[in-house]
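**Q**
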């Protein structure tokens with residue numbers, strides 16, 4: 004009995020630091036890394052959710068923008084941070100599921116990061132320039148097949164989600180169109196408006212103002228069903244291309260090794276924030292569909308998205324730096 008007592012006492016001593024962390028967390032400011040510049044969709048979503056989480060946790064959350072390499076730089080910073088819950092990130096599909104297949108990155112997403120929750124999805128929309136003689140998917144496919152290799156599509160850069168969306172479109176529709184990469188979405192949209200490129204897949208919020216102004220023609224939303232912010236635009240599933248589902252997404256992660264009790268606290272605060280009606284109202288204008296799943300569900304989602312885009316990269320013969 005004495006031996007059992009000593010073992011129990013030792014176990015309590017070993018566990019007590021973790022218990023203390025969970026009981027006191029958060030006791031200081033939390034850094035929320037956004038791996039992109041201020042003002043973009045990733046930044047807006049992180050700031051809105053982070054502000055509500057701060058109120059829920061009754062602790063300051065400071066948003067820090069650490070842009071570079073399409074989200075890789077800031078995401079890597081979190082992967083290398085102390086695993087105590089005080090450095091977290093809202094990162095994107097590119098940095099978490101695409102870049103590891105496109106280039107050499109210092110982290111392995113599911114080994115070096117702890118998923119907390121999938122915050123939101125934002126569908127990509129396919130639009131064409133005003134001078135393209137096509138107003139719907141049927142007409143666009145007919146044009147592309149009539150003139151193989153003559154149409155082109157813009158992207159925000161090689162290996163970006165808009166680039167791979169275009170490659171998936173080519174594979175799905177069996178058409179020959181040429182990729183024209185840009186350094187970001189803004190110059191791609193500018194050249195699209197002037198007719199120098201013919202089409203692009205981009206985040207819905209980026210395109211909506213130009214569509215509403217009549218500068219671009221919407222073809223389809225890369226989702227299973229129509230979205231409330233663009234109810235007149237059919238989904239790719241509606242137009243007979245159900246496999247052409249392309250959504251950007253933003254998820255909250257922490258460094259691997261963060262105590263599970265701390266992850267649970269962050270998860271509850273994040274989900275409560277996501278479910279807040281005021282948060283939903285603010286983010287609906289960004290075309291976002293809020294999610295708030297479990298860490299295990301988010302882990303499985305990241306793995307699925309990683310496999311999906313690795314397959315597209317391979318089948319389309321996209322050049323990589325790996």
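Residue numbers (our numbering): 4 to 325.
We treat Cβ as the ideally placed atom computed from N, Cα and C, and that holds for glycine.
Let's see if you can read the secondary structure: which residues bound the alpha helix (DSSP H) around residue 266?
**A** Run containing residue 266: 263–278, per the alpha helix (DSSP H) assignment.
**Q** Is residue 152 buried or exposed, if buried means 16 or more other CB atoms sit within 10 Å of its CB?
**A** Burial call: exposed.
**Q** According to DSSP, which residues form a beta bridge with residue 182?
**A** BP columns for residue 182 point to 156.
**Q** Taking its Cβ as the centre, do 16 or more other Cβ atoms sit within 10 Å of residue 111, making it buried, or is it exposed?
**A** So residue 111 ends up on the exposed side.
**Q** Check this for me: beta carbons of residue 48 and residue 319, under 8 Å apart or not?
**A** Cβ distance not < 8 Å, so residue 48 and residue 319 don't count as in contact.
**Q** Taking Cβ to Cβ, would you say residue 255 is nearer than 8 Å to residue 108?
**A** Cβ distance not < 8 Å, so residue 255 and residue 108 don't count as in contact.
**Q** Could you say which of 266, 52 and 93 lies nearest to residue 299 if we only look at CA atoms?
**A** Minimum Cα distance to residue 299 is reached at 266.
**Q** Can you give, in chain order, each stretch of the beta strand (DSSP E) that sits fully within the stretch 238–264 and has at least 3 residues?
**A** As far as the stretch 238–264 is concerned, its whole beta strand (DSSP E) runs of at least 3 residues are 250–258.
**Q** Quick one: measure Cβ to Cβ for residue 118 and residue 302, integer angstroms, because I've assumed they're closer than 8 Å.
**A** So it is a contact: roughly 5 Å between Cβ atoms.
**Q** Going by beta-carbon coordinates alone, are residue 251 and residue 206 separated by less than 8 Å?
**A** Cβ distance < 8 Å, so residue 251 and residue 206 count as in contact.
**Q** With a threshold of 7 Å on Cβ separation, who are the neighbours of residue 97 within its own chain once the five nearest residues in sequence on each side are excluded?
**A** Counting only Cβ-Cβ distances below 7 Å, and skipping sequence neighbours, we find 73, 74, 163 and 164.
**Q** What does DSSP give as the partner residues of residue 117 in its beta bridges?
**A** DSSP output for residue 117 lists 257 as bridge partner(s).
**Q** Looking at the secondary structure, which residues open and close the beta strand (DSSP E) in which residue 68 lies?
**A** Taken as a continuous stretch (DSSP letters only), the beta strand (DSSP E) holding residue 68 covers 64–68.
**Q** Have a look at residue 187 and residue 160 and give me their C-alpha separation to the nearest angstrom.
**A** Approximately 6 Å, taken between the alpha carbons.
**Q** Taking the beta carbon of residue 262 as the centre, do at least 16 other beta carbons fall within 10 Å, making it buried, or is it exposed?
**A** Classification of residue 262: buried, given that the 10 Å Cβ count is 16 or more.
**Q** Would residue 69 pass as a contact of residue 38 if the rule is Cβ separation under 8 Å?
**A** Yes, they are a contact pair.
**Q** Between the stretch 305–317 and the stretch 164–181, do three or more beta carbon pairs fall short of 8 Å?
**A** With the cut-off at 8 Å, the stretch 305–317 and the stretch 164–181 touch.
**Q** Count the other C-beta atoms from every protein chain shown that fall within 10 angstroms of the C-beta of residue 7, then say buried if there are 16 or more, exposed otherwise.
**A** Low per-residue confidence applies at residue 7: pLDDT is 49, beneath 50, and the placement is therefore not dependable enough to give any value.
**Q** If we call anything under 8 Å between Cβ atoms a contact, is residue 94 one with residue 120?
**A** No, they are not a contact pair.
**Q** With 16 as the cutoff for other CB atoms within 10 Å, does residue 226 come out buried or exposed?
**A** Buried, since its Cβ has 16 or more Cβ neighbours within 10 Å.
**Q** Please report the straight-line C-alpha distance between residue 115 and residue 259, rounded to a whole angstrom.
**A** Distance between the alpha carbons of residue 115 and residue 259 is about 5 Å.
**Q** Assuming residue 78 is part of the alpha helix (DSSP H), what are its boundary residues?
**A** Note, residue 78: alpha helix (DSSP H), 75–82.
**Q** If you draw a straight line from the C-alpha of residue 51 to the C-alpha of residue 192, how long is it?
**A** Their backbone Cα atoms lie some 26 Å apart in a straight line.
**Q** Is the Cβ-Cβ distance between residue 196 and residue 211 less than 8 Å?
**A** Going by C-beta atoms, residue 196 is not nearer than 8 Å to residue 211.
**Q** Please state whether the Cβ-Cβ distance between residue 305 and residue 113 is less than 8 Å.
**A** Contact flag set, yes.
**Q** Can you tell me whether residue 224 is helix, strand or coil according to DSSP?
**A** Three-state result, residue 224: strand.
**Q** Just tell me which of 177, 198 and 176 has its CA closest to the CA of residue 183.
**A** Of the candidates 177, 198 and 176, the one whose C-alpha sits nearest the C-alpha of residue 183 is 198.
**Q** Bridge partners for residue 203 per DSSP, in chain order?
**A** Note: residue 203 sits in a beta bridge opposite 130 and 157.
**Q** So what's residue 30 in DSSP terms, helix, strand or just coil?
**A** Residue 30: coil per DSSP, three-state reduction.
**Q** Can you tell me the Cα-Cα spacing of residue 149 and residue 143, whole angstroms?
**A** Roughly 10 Å between the two C-alpha positions.
**Q** With 16 as the cutoff for other CB atoms within 10 Å, does residue 228 come out buried or exposed?
**A** Label assigned to residue 228: exposed.
**Q** Quick check on the DSSP output: the alpha helix (DSSP H) that includes residue 305 runs from which residue to which?
**A** Here the alpha helix (DSSP H) through residue 305 covers 298–318.
**Q** The alpha helix (DSSP H) that contains residue 90, what's its start and end?
**A** First-last for residue 90: 90–95, but that is the beta strand (DSSP E), not the alpha helix (DSSP H).
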